[in-house]
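Since the structure comes first, as C-alpha cells, the remarks are kept for the end.
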Amino acid sequence: MTDLSPRTNPDLLGHGDVEREILETQASGRVGHAWLISGPRGVGKATLAYRFARHILAGRLDPPEGEGAMGCGLFGAEAAPVRIAPDAGLGMDPEHPVFRRVVAGSHGDLRVIERAVADEKTGRRKTEIVVGDVRDLAHFMGMTPSEGGWRVVIVDEAETMNRNAANALLKVLEEPPGRAMLLLVSHNPARLLPTIRSRCRRLQLGALGDDILEHLIARHLPELGPEDRRSLVALAEGSIGRAIDLAGQGGLDLCREVISMLGALPRLDVTRLHALGDKVARDDQAFSALAELFPWWLARMTRSGALGQAPAQVISGEAEVAARLLGAAPLDRWIEVWEKVGSLFERARAVHLDRKQTVLSAFLAVEQTLGRS
Amino acid sequence: MKLTIERTALLKSLGHVQSVVERRNTIPILSNVRMEATDRGVSLNATDMDLEIVESVAAQTAVPGSTTAPAHTLYDIVRKLPDGSQVELAYDGGDGQLVLKAGRSRFSLACLPVEDFPAMSAGAFSHTFSLAAAELRGLIDRTRFAISTEETRYYLNGIFLHAADSDGLPVLRAVATDGHRLARAEVPLPEGAKDMPGIIIPRKTVAELRKLIDETGMDVTLALSDQKARFDFDDTRLTSKLIDGTFPDYERVIPTENDKVLEVDCKLFAQAVDRVSAISTEKSRAIKVTVDSGSLTLSASSPDAGSAVEEIEASYDSTAMDIGFNSRYLLDILGQVEGDAVRLTLADAASPTVVRDVADASAVYVLMPMRV
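Line by line, the protein sequences are chains E and B. In this text, residue positions in the first sequence follow the working numbering: the first is 1388, and each later residue adds one. In this text, residue positions in the second sequence follow the working numbering: the first is 563, and each later residue adds one.
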C-alpha cells in the first residue's frame, strides 16, 4: 500500500473545485491569513492543507517578481488580470525541493501542530493538543522566515486542542505577523472556539464521489476484487481514509460476519459470537473496526427505516436482514439500541472495558430488542 | 564523495557546527551535518532552523559530492581518534552509508539525502561591514545579560543592533532590556553600516556568536538584511534568522533628569552587594541602598534569614535617600564595569537609576528600583 499520509501524498482527487476557489482567492489578492478546512474524516482535508502549504512555501502565492523567480508558470509574470487554467491546482512534483523538505520535516517555514506522540513504541498519540504543542508557535511567528517567503502553520485535528491550547492559538490568530498563514484542519469545526472559527476563512470539503472512491481504492488497494471494492465504496461513505482503514482492519469480513450473525437472529449462534469476541479481544485493529462498523450499521438501518427506503446494499443479503430486524421492533427501540451499542463501544475504548464482554453485550442488546417484541 | 582530512582540523570544525544541533530532535535530518566536498576543501553545515553555521576546512578531495551524517556521532568518533591521524570520508550514495576510515578504525554511518536538508536562503543583504572581534564582543557582553526570557514579549528576546547618533557621532549601538533593566553599548559606526536596518539578534544566536568570537582575533564581517544576519569569521559563517518585531523606543526610558550623583569603587561595591544579598530572600533578591553624604550603606533583611548591613565609602553630596534594588540585577551590571569606579545617577526611590562606568562612556545601564 502506498504511503497516504498527508505530508507525503502528492495527489488529491475530487476537490478540484476547492483548489480553484483557493486559486481564485489568491488571484483576487485576498488570501487572508487563516483558513479552516473542514469536512468528513478521510476525504483529504490534511492532504489539501499540505498541498496549500507547499504551494505557499514554493512562493507561488505572490506573483513572481522577475523572470526566473521560483514558481512562475502558474500565473506567469503579469499581475492582473489573472486567468486560471481550467486544470490548475495546487499540485507539485514530489521531487521539487520544497516538497522534499516538507516530507523530511525540515522546511524552516512550516510548522505542523498535531497531537503529540505519547508512546514512542506504539506510536499512540495523546487525546488532545496541549498548550505546550502550541506555545512554540509564538517563537516561530516571532522570527523572520528562514527561506525568505511565507511562514505556514498547519493545525491538524484542530478540534482536539484543549482550552488552553486553543487560547494560545487564538493569540497568534488575532495578531498574525505579515506573510504568515495558518491552516486549520478539522472534521468537527463546531467544537472549535467561535472566536477561532470567526477568524478563519471556511473551506468545506465534501465526501468523495463513488467513482472517485472506487478509482482510489483500485489504486491503493489493488489486491481487492471488484465486488469487495464496491462493498468498500458503500461502506466508506465517500471517505478514502475510512476505506483504507477498514480494509487494513479487515472491516469487510467483519461486516459480513456481523450481518450474517444478525441474520441468524432471533437465535444467536453462541459459538460464533464467542469466536468473534475472542478475535476482537486479541486484535486491536479488528476491535476498532467493529467499534466503528456495528453502531454505524445500526444507525444506517434505523435511518433507512425512518426514511422508508430500502437501505443500500453493502454486503449482499444485507437488505433482507435489515428489513427483518426493522419489522421485528419499532423504530424507537432501534434508536435506543443504537445509542446503547454506540456508548458501549465508546466506553470500552475510553476506559478499556473487557472487549469480548463488550461485543457480547452489544449482540445481546440486539437480541433482547427482538425478544421483547 | 571522497576526501581525506586532518583529524584536528575536522574536530575543530565539527565542534563549531555540532553545537547548533540540538541533542534531542524529532526531525531526523536536523541531527545531521551536511558535508559538501569540493576542490577547495570540505564545507560542514548544521542548523536548528533558526540559525545555521557553515564551516570550511581544507581537505584533499578525491571525488566531489555531498551528503548528511549524524553530527553528534561523527563528532564523538573524530574526538576519540588519535591526534594527528588522517581521516578518510567516503560516500558513494549506493547504500546510503558514509564510511569513515582512520588508521585501523572503520566506521559506517547512516546518511540522509542531502535534498532533505533545510535550506536557509540568505537572500540579498542590504548592508555589509566589518567590525573588530573585540568590538563585537564588547557590544554583546555589555548587553546580553539584560536580554529578556519572557516569551510573550518576544521582541525583547534578543539584542537590538542599529545605527544611531550619539551626541552627533554616528555609532553602532546594541541594546537589550527585559523591562526591569536595560543595557546599551555602542562602538563607532563602521563604514558601510550607515542606514542599516535595526535588527534584533535572537538570544541563541548571540550565544553562538559569542563562542565563535572567542576563537578568532580577526575582524568579523556582518551582512544584514531585514530578515537575516550573517557573520563571517575566518572559516566560519553563521547565518541567523532575526526576531520579527519592533524593538520598543528605549530612549524614552533612559532618564536624563537624574541629578543625584553617586560614585563608588566598583569592586568594593560589587563585593558588598554580593555579601549582603546572602540575606535577601531567594525570590525577590532585594537589597536596600542608603546613600548619605560620603557614604553608602547596603542592607537586607528577611524574616527567615536575619539581617545584614554593610557600609562603604562613596562620593555623594546630595540629599540622603533610600532605594531598593534587585541585587542580582545590580551585580550583573557591576560585572560589566571594567573601570575602577561606577557612577550611579539617581532621582528618587521610585524612578529608574542610570549606571555608568566612569572610565567608559560608551555603555549605559538603566535599572528599575524595587520597593523595600
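Don't be surprised by glycine CBs; every beta carbon is placed ideally from N, CA and C. Please read all numbers here as calculations on a predicted model, not as lab measurements.
Can you list the residues of chain B that residue i reaches, using a CB-CB cut of under 8 Å?
i	result
E:Met1648	Result: empty, since nearest Cβ-Cβ is about 45 Å, beyond 8 Å.
E:Pro1484	Glu677, Ala681
DSSP on residue i, reduced to helix/strand/coil?
i	result
B:Leu858	strand
E:Pro1468	Confidence at E:Pro1468 is low in this model, with a pLDDT of 45, below 50, so the placement of that residue is unreliable and no value is reported for it.
B:Asn719	coil
E:Lys1513	coil
B:Ser593	helix
B:Arg905	strand
B:Gly655	coil
B:Ser841	A small correction: the amino acid at residue 841 of chain B is Ile; Ser does not occupy that position in the sequence shown. The answer is coil: DSSP assigns B:Ile841 none of H, G, I, E or B.
E:Arg1687	helix
B:Gln622	strand
E:Arg1407	helix
B:His742	coil
B:Ser802	strand
B:Leu896	helix
B:Phe687	coil
E:Leu1608	coil
B:Gln523	Given that chain B is displayed from residue 563 to residue 934, the structure contains no residue 523 of chain B and the question cannot be resolved.
E:Pro1397	coil
B:Arg792	strand
B:Leu824	strand
B:Thr735	One point to set straight first is that residue 735 of chain B is Arg, not Thr, in the sequence displayed. If DSSP states are grouped into helix, strand and coil, B:Arg735 belongs with the strands.
B:Ser787	coil
B:Thr566	strand
B:Ala681	coil
E:Ala1634	helix
E:Asp1640	helix
B:Ser877	strand
B:Met780	coil
E:Val1430	coil
Give the interface partners of residue i over in chain E, defined as CB-CB distance under 9 Å, in chain order.
i	result
B:Glu713	Arg1522, Ala1525, His1526, Gly1529
B:Gly685	Glu1534, Gly1535
B:Tyr716	Ala1525, His1526, Met1528, Gly1529, Met1530
With which residues is residue i paired in a DSSP beta bridge?
i	result
B:Asn935	In this structure chain B extends from 563 to 934, so residue 935 of chain B is not present and cannot be described.
E:Trp1422	E:Leu1570, E:Arg1588
B:Glu598	B:Ser605, B:Ser628
E:Ala1552	Answer by DSSP bridge pairing: none, since E:Ala1552 is not bridged.
B:Val917	B:Leu906, B:Tyr927
E:Val1539	E:Leu1497, E:Met1568
B:Ser869	B:Ser863
B:Ala696	Note: B:Ala696 sits in no beta bridge, so no partner.
B:Phe669	B:Leu662
B:Ile761	B:Leu723
B:Ser728	B:Leu731
B:Ile615	B:Ala608, B:Leu800
B:Gln932	First, the residue type needs correcting, since residue 932 of chain B is Met and not Gln in the sequence shown. According to DSSP, which records beta bridges pairwise, B:Met932 is partnered with B:Gly886.
B:Asp922	B:Asp919
Who are the neighbours of residue i on chain E, taking C-beta pairs under 8 Å?
i	result
B:Asp678	Arg1487, Arg1488, Val1490, Ala1491, Ser1493
B:Tyr878	In chain order: nothing, as chain E lies at least about 43 Å away.
B:Gln789	Thr1531, Pro1532, Gly1535
Identify the contact partners of residue i in chain E, using a Cβ-Cβ distance below 7 Å as the criterion.
i	result
B:Lys766	Near B:Lys766 there are no residues of chain E at all, since even the closest Cβ is about 10 Å away, more than 7 Å.
B:Asp612	Met1530
Please find out if some non-hydrogen atom of the ligand ATP comes closer than 7 Å to the beta-carbon of residue i.
i	result
E:Ser1493	What this structure holds is no ligand at all, so the ligand ATP is not there to describe.
Taking residue i as the query, report the chain B residues whose CB atoms sit under 7 Å from its CB, ordered along the chain.
i	result
E:Arg1564	The amino acid at residue 1564 of chain E is misidentified as Arg; the sequence shows Pro. Within chain B, the residues near E:Pro1564 are Asp806.
Q. For the 8 Å Cβ check, are there 3 or more pairs between the stretch 809 to 824 of chain B and the stretch 769 to 777 of chain B?
A. no
Q: Report the residues of the stretch 573 to 607 of chain B with a CB closer than 7 Å to any CB of chain E, ordered along the chain.
A: Ile589, Ile591, Leu592
Q. Given 8 Å as the limit, is there contact between the stretch 1489 to 1505 of chain E and the stretch 1540 to 1547 of chain E, that is, 3 or more CB pairs closer than that?
A. yes
Q.
Tell me which residues of the stretch 1529 to 1546 of chain E have at least one Cβ-Cβ distance to chain B shorter than 8 Å, keeping chain order.
A. Gly1529, Met1530, Thr1531, Pro1532, Ser1533, Glu1534, Gly1535
Q) Any residues in the stretch 798 to 812 of chain B with a beta carbon nearer than 8 Å to a beta carbon of chain A? Which ones, in chain order? A) The structure shown has no chain A; the protein chains it does contain are E and B.
Q: Say whether the stretch 648 to 664 of chain B touches the stretch 574 to 589 of chain B, bearing in mind that this needs 3 or more beta-carbon pairs closer than 8 Å, one atom from each stretch.
A: no
Q) Counting pairs of Cβ atoms below 8 Å between the stretch 1573 to 1581 of chain E and the stretch 1597 to 1614 of chain E, do you hit three or more? A) no
**Q.** the stretch 750 to 764 of chain B contacting the stretch 711 to 724 of chain B, beta-carbon criterion three pairs below 8 Å
**A.** yes
(Q) Between the stretch 1513 to 1533 of chain E and the stretch 1551 to 1560 of chain E, can you find at least three pairs of beta-carbon atoms closer than 8 Å? (A) yes
Q) Is the stretch 821 to 833 of chain B in contact with the stretch 872 to 890 of chain B, if contact means three or more CB pairs nearer than 8 Å? A) yes
(Q) Is it the case that the stretch 587 to 594 of chain B contacts the stretch 627 to 639 of chain B, given that we only count it when at least three CB pairs across the two stretches are under 8 Å? (A) yes
(Q) Would you call the stretch 1681 to 1690 of chain E in contact with the stretch 1716 to 1723 of chain E, where contact means no fewer than 3 C-beta pairs closer than 8 Å? (A) yes
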